[in-house]
Every structure is written in structure tokens, then in C-alpha cells.
Amino acid sequence: MKLDHIGIAVDDLEAARKLYGQVLGLAVGPVEELPERKLRISFVDLGAGGAGLELLCPTDPDSAVGKFLASKGPGVQHLAYRVEDIQARLAELKAAGVRLVDEQARPGAHGCLVAFLHPKSTGGVLTELVQHTH
Ligand code: CO
21 MKLDHIGIAV DDLEAARKLY GQVLGLAVGP VEELPERKLR ISFVDLGAGG
71 AGLELLCPTD PDSAVGKFLA SKGPGVQHLA YRVEDIQARL AELKAAGVRL
121 VDEQARPGAH GCLVAFLHPK STGGVLTELV QHTH
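The numbering of the sequence shown is my numbering, which starts it at 21 and goes up by one.
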């Protein structure tokens, strides 16, 4: 597995895009709407290796990221690793006793398939698997 991205919960997407783009000088992508996850997101390209940041701004306080913001405030929310065959990897992890948030991979940002592992099984770090489909 390779690091794909680091998910960062933000309460103001435009302010975060300005911070990473204009202030820190990184390449910030467009805003994507993910209504099924009640999120607006924006990727930040960190260059070599392909890993990036995923800025996550909830559109509903009653969403996973909305609840995270309410309890912990803005900050690192999850780590995502790129895998080749997400469904096979989920089956392996389940067999190894890892608790899954998503038994089935579901559509994520820009056409990827994603699934989350439960932080109780991953040392308190919410962990996402990502399979790129292009
Ligand atoms: Co993510």
C-alpha cells in the first residue's frame, strides 16, 4: 500500500484553500461536491509520489466529518492508502479480524472506489482504502 492522501477536516473550505494555495504555495485543485457524503472537498497536490491532502468540509453537521469537527475541531481526520483491488483487500482484512466501516467499497472523489476501516481496529487512526479506477 502507498499513501494516497491525508484527509483534513476544515470548517471553512475557502479559507483552507487560500491557506494551502496562496499562503503555503501548494497546488490546490477545484472544489468537488460529494452530496452522498455531505461533503465539499478539494485536493492539494503535494507533488512527488502522488500523495496529497484532501480538505474535507461538511455540508451537514450530522455527517461523519461534521461530527468530527464538532468533537475535535479542524485537523487531520483520516489517512488513505492506495490499493489495487479494494474488494479483495477488504476481504483479507476482514478475515484478519479488522473491523470495517464499509464492507463494500463505494464511490469516492473523482471516480475512485473507497472504503473505511474502523479506527478501533487501526490504533485510533481512521483509515481509508482507495482504488483508483483510471
Ligand atoms: Co479520503
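Just so you know, even glycine gets a beta-carbon here, dropped at the ideal spot from N, CA and C.
Note the first and the last residue of the continuous beta strand (DSSP E) segment covering residue i.
{"i": "R60", "result": "59-65"}
{"i": "R102", "result": "95-102"}
{"i": "E56", "result": "Unbroken run through E56: none, as it is neither H nor E."}
Should residue i and residue j be called a contact, given that it needs their Cβ atoms to be closer than 8 Å?
{"i": "I106", "j": "L133", "result": "yes"}
{"i": "H98", "j": "V121", "result": "no"}
{"i": "L75", "j": "V30", "result": "yes"}
{"i": "G27", "j": "A100", "result": "yes"}
Any idea what DSSP makes of residue i, helix, strand or coil?
{"i": "E123", "result": "coil"}
{"i": "H25", "result": "strand"}
{"i": "P81", "result": "coil"}
{"i": "V118", "result": "coil"}
{"i": "V150", "result": "strand"}
Leaving out the 5 sequence neighbours to the left and right, which residues in its chain are closer than 6 Å to residue i when beta-carbon positions are compared?
{"i": "D65", "result": "A47, G72"}
{"i": "P94", "result": "A29, V30, D31"}
Residue i: buried (16+ other C-beta within 10 angstroms of its C-beta) or exposed?
{"i": "S91", "result": "exposed"}
What first and last residue would you give for the alpha helix (DSSP H) that runs through residue i?
{"i": "A36", "result": "33-38"}
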